[in-house]
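Just below is one structure, and these are the notes that go with it.
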Amino acid sequence: MQTLLDTAHSLLLESIQYNDNGLKIEFLELFRNSEPENIQISNDITINDAYAIGPNENSKKFIVHFEEILTWQVVDESAYCFDENEILDSNGFLKVVGNSDYMKYVQKQFGWYEHMSGKTQHFRIWSENRIVDVISTMKPQIWF
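Numbering (the working numbering), first residue to last: -10 to 133.
Okay, structure coming up:
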């Protein structure tokens, strides 16, 4: 799903707020540094000529708001394991996920929800530090 988020080079999850009005997620835009640097990742391993990413004075704060949600989860990006059975609708930061085990679990545990509130979809937002999965009846609103 192509969205306003795709205008960013990269994103960092800053905060998540849940209340009766839905789920509000804030992301900070990150940019690639202009100069390469050597990054030591352990005592004996250094990556040479790498371009770090980070915020700068031009970074925008993106707000993603889901009004109608059933459930959501946040996973550390480093702990995520790709599932070859999932069907992702795009290469953007926000994806609609088909054939997901998470959605199957939710439908098994809370299947009555769709009869009351309507058809749900599994949305996934990627960032440098976290992955956010949201099961919702509505696409999110996005602004900065």
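All residues carry an ideal CB built from backbone N, CA and C; glycine is no exception. This one's a predicted model, so the numbers in the text were calculated from it and none came from an experiment.
Cβ of residue i within 8 Å of Cβ of residue j?
i, j, result
"Ile135", "Lys13", "In the structure displayed, the chain extends from -10 to 133; residue 135 sits before or after that span and is not available."
"Phe112", "Leu83", "yes"
"Leu77", "Pro44", "no"
"Leu(-6)", "Gly100", "no"
Give me the residue from the options with the minimum Cα distance to residue i.
i, options, result
"Tyr102", "Asn47, Ser4 and Thr126", "Thr126"
"Asn22", "Asn10, Tyr7, Ala39 and Leu0", "Ala39"
"Gln148", "Tyr69, Val64 and Ile58", "Summary: the structure shown does not reach residue 148, with the chain confined to residues -10 through 133, and so no result is reported for it."
"Arg119", "Thr35, Leu1 and Tyr7", "Leu1"
"Gln6", "Gln62, Lys128, Cys70 and Asp72", "Gln62"
"Asp65", "Ile28, Val121 and Ser4", "Val121"
In chain order, what residues of the same chain lie with their CB nearer than 8 Å to the CB of residue i, ignoring the 5 residues before and after it?
i, result
"Asn88", "Asn74, Glu75 and Ile76"
Opposite residue i in the DSSP bridges: which residues?
i, result
"Tyr7", "Leu12"
"Glu18", "Leu0"
"Phe51", "Phe16"
Check residue i in the structure and name its three-state DSSP category.
i, result
"His(-2)", "coil"
"Asp78", "coil"
"Glu56", "coil"
"Phe112", "strand"
"Lys128", "coil"
"Gln(-9)", "coil"
"Ala68", "helix"
With a threshold of 7 Å on Cβ separation, who are the neighbours of residue i within its own chain once the five nearest residues in sequence on each side are excluded?
i, result
"Met(-10)", "Asp78, Ser79, Gly81, Leu83, Lys84 and Val85"
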